[in-house]
Structure formats: C-alpha cells, structure tokens
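*Asks:*
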Amino acid sequence: MNRSWEGLGLSAKVNDYVDNTISMIVPFIETHGLDPMPLPDVVEGFEVRPLLITYSAWLKIHNGSMRGLVNVARSGDQNVYYFAKMLRVRLRLQFRNLEFVYRYLVKVMNIGPTGGIVGSLNRFVVTVDLLFDFNNDEIHLQEFSLTDIGRLRVRLTGNILVDWLVNPVINVFMRIFDNVIIHAVASNIRSAINSALGVINSNVQDIVQALEAFN
Numbered sequence: 006m007n008r009s010w011e012g013l014g015l016s017a018k019v020n021d022y023v024d025n026t027i028s029m030i031v032p033f034i035e036t037h038g039l040d041p042m043p044l045p046d047v048v049e050g051f052e053v054r055p056l057l058i059t060y061s062a063w064l065k066i067h068n069g070s071m072r073g074l075v076n077v078a079r080s081g082d083q084n085v086y087y088f089a090k091m092l093r094v095r096l097r098l099q100f101r102n103l104e105f106v107y108r109y110l111v112k113v114m115n116i117g118p119t120g121g122i123v124g125s126l127n128r129f130v131v132t133v134d135l136l137f138d139f140n141n142d143e144i145h146l147q148e149f150s151l152t153d154i155g156r157l158r159v160r161l162t163g164n165i166l167v168d169w170l171v172n173p174v175i176n177v178f179m180r181i182f183d184n185v186i187i188h189a190v191a192s193n194i195r196s197a198i199n200s201a202l203g204v205i206n207s208n209v210q211d212i213v214q215a216l217e218a219f220n
C-alpha cells in the first residue's frame, strides 16, 4: 500500500478534534498499566579506575517504574486521509515530564552499595498511524514509533556513593536507558495498542456477524 496518500481521496487536519478528545487517552493509559509502567531489571558490567588499578564492577537496577504518560498533548498537525473505503489516521502525541525510578546495587571491590536512581526526561513523541479498513471492517496499526527523545537528567538517592563511583554509575544507567529502557517503553505502548485493536476488531466482527444473521 502506498504510505503517502497525498493527492489521493480526501484529507483533513483534525487538530481541534484531537485537542478536545485527548483527555480520553488518559483512562486507556491507566487501565492498560502504562502509568505507572513497570520497567525491566537490568545488570550491566563496567570498569572503574579509582587510583592506578582498573577494577571490574557491575550495576544492577531493579524494581523500576515509569510515570508521566498521562502528561499527553498533541504534537504538530494531526491528519486524516480517506481513500478507497479506507480511513488513515496519523497521530503524533507528545509526553512530557516523565520519571524513571529504580533501585540499584553496585558491586565493586567487595563492596555493594545500594540506593535509588531517578531519571527525569523532559519529553518524547509517539507517532501512531492507524488504518480503518471499511472493506473488511478492521483497524490496523500501520506504524508506531517513539522519537524526539529529550534530555535525561539522572540523580542518585539514598546512600551516598564515593566520588569515583558516581559518574560511572550514572553513565552506565544512561547507557541502559538508551539501549534497554526506552525500547521497553516503546514495546509496552505498542503492545497495549495492538491488544486494544484486537479487542475492537473482535467486537466489530461479532456485531457484523450478528447483523448478517438477521438477513
């Protein structure tokens, strides 16, 4: 299918409609376990060099959760396209003031300090492209992406780490955030959308079959 529908059928911007109905997304986020969202445990190795000797170490983060998806707003223009009995809805939603909270354990030189890590992210944008196919009465997720990831600020809570451990631990957490955590967030949101679409499609098919039974 041609992903660009420009010049085909009808198109319209629906910014006002999205602004007026975006609050309906919040109950969906909450009932699907997206806010707060459980985050995966991760263990990552790294090295530290407090004096002249390099030591192997590892950081374990656990009991993680993310909050802030309820802080949602429209991002840019929202467009719909209608062509050949198909309605394409492309939404770009911005989420702001997200917080990622973990407990941590560091193991190095036979010591194992513990504490908390809090990551504060000012924003990211989720793009959702839905296709309403009236030829077979189904809704399909055409595209999903999480982009425009803003600045992450990290602070440690609880026990105070020695100076030569603070920056390495924060750097490892930021690496885990980029490689694991943000992908887990995207996967969880995508799964929730697909699950909801599966229920909707099943219900629509049941209604269609019930109506056809009367004919």
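Under the working numbering, read the sequence shown as residues 6 to 220, first letter to last. Just so it is clear, CB atoms sit at the ideal spot from N, CA and C, and this is done for glycine as well.
(1) In three-state terms, what does DSSP make of glycine 203?
(2) For alanine 201, which of Gly81, Thr152, Leu135 and Leu56 has the nearest alpha-carbon?
(3) Figure out for me which residue from Ile198, Pro118, Asp40 and Val190 has the closest Cα to the Cα of glycine 163.
(4) Under 8 Å between C-beta atoms, does aspartate 21 make it to chain D?
(5) If you compare alpha carbons, which of Asp46, Asn76, Phe129 and Gln99 is closest to valine 31?
(6) What is the rounded straight-line gap between the Cα of phenylalanine 100 and the Cα of isoleucine 58?
(7) State the Cα-Cα distance for the pair arginine 8 and leucine 92, rounded to the nearest angstrom.
(8) Once you ignore the five residues that flank asparagine 184 on each side, which residues in its own chain have a CB closer than 7 Å to its CB?
(9) If you reduce the DSSP assignment to three classes, tell me which class arginine 8 lands in.
(10) In terms of residues, what are the limits of the beta strand (DSSP E) holding valine 94?
(11) Excluding the five sequence neighbours on either side, which residues of its own chain have a C-beta within less than 6 Å of the C-beta of aspartate 46, listed in chain order?
*Replies:* On the basis of the coordinates in this document:
(1) In the sequence shown, the residue the question calls residue 203 occupies position 198. If DSSP states are grouped into helix, strand and coil, glycine 203 belongs with the helices.
(2) Along the sequence shown, read from residue 1 onward, the residue named residue 201 stands at position 196. Alanine 201 has its Cα closest to that of Leu135, out of Gly81, Thr152, Leu135 and Leu56.
(3) Translated into the one-based positions of the sequence shown, residue 163 becomes position 158. Of Ile198, Pro118, Asp40 and Val190, the residue nearest in Cα terms is Pro118.
(4) Looking at the structure shown, chain D is missing, and only one protein chain is on hand.
(5) Position 26 of the sequence shown, counting from 1, holds the residue named residue 31. Nearest option by C-alpha distance: Asn76.
(6) In the sequence shown, counting from the first residue as 1, residue 100 sits at position 95. In the sequence shown, counting from the first residue as 1, residue 58 sits at position 53. Phenylalanine 100 and isoleucine 58 have their alpha carbons spaced roughly 44 Å apart.
(7) Counting from one through the sequence shown, the residue named residue 8 turns up at place 3. Counting from one through the sequence shown, the residue named residue 92 turns up at place 87. At arginine 8, the pLDDT of 49 sits below 50, so the modelled position is not reliable; the number obtained from the coordinates is stated separately. Cα-Cα distance, rounded: 12 Å.
(8) Taking the sequence shown and counting its residues from 1, one reaches residue 184 at position 179. Within the same chain, no residue comes within 7 Å of asparagine 184 by CB-CB distance, once the 5 residues on both sides are set aside.
(9) Position 3 of the sequence shown, counted from the first residue, corresponds to residue 8. Bear in mind that the predicted position of arginine 8 carries a pLDDT of just 49, short of 50, making it too unreliable to give a figure here.
(10) Here residue 94 refers to the residue found at position 89 when the sequence shown is read from its first residue. Element bounds for valine 94: 91-112.
(11) Residue numbering aside, residue 46 sits at position 41 when the sequence shown is read from its first letter. So the qualifying residues of the chain are His67.
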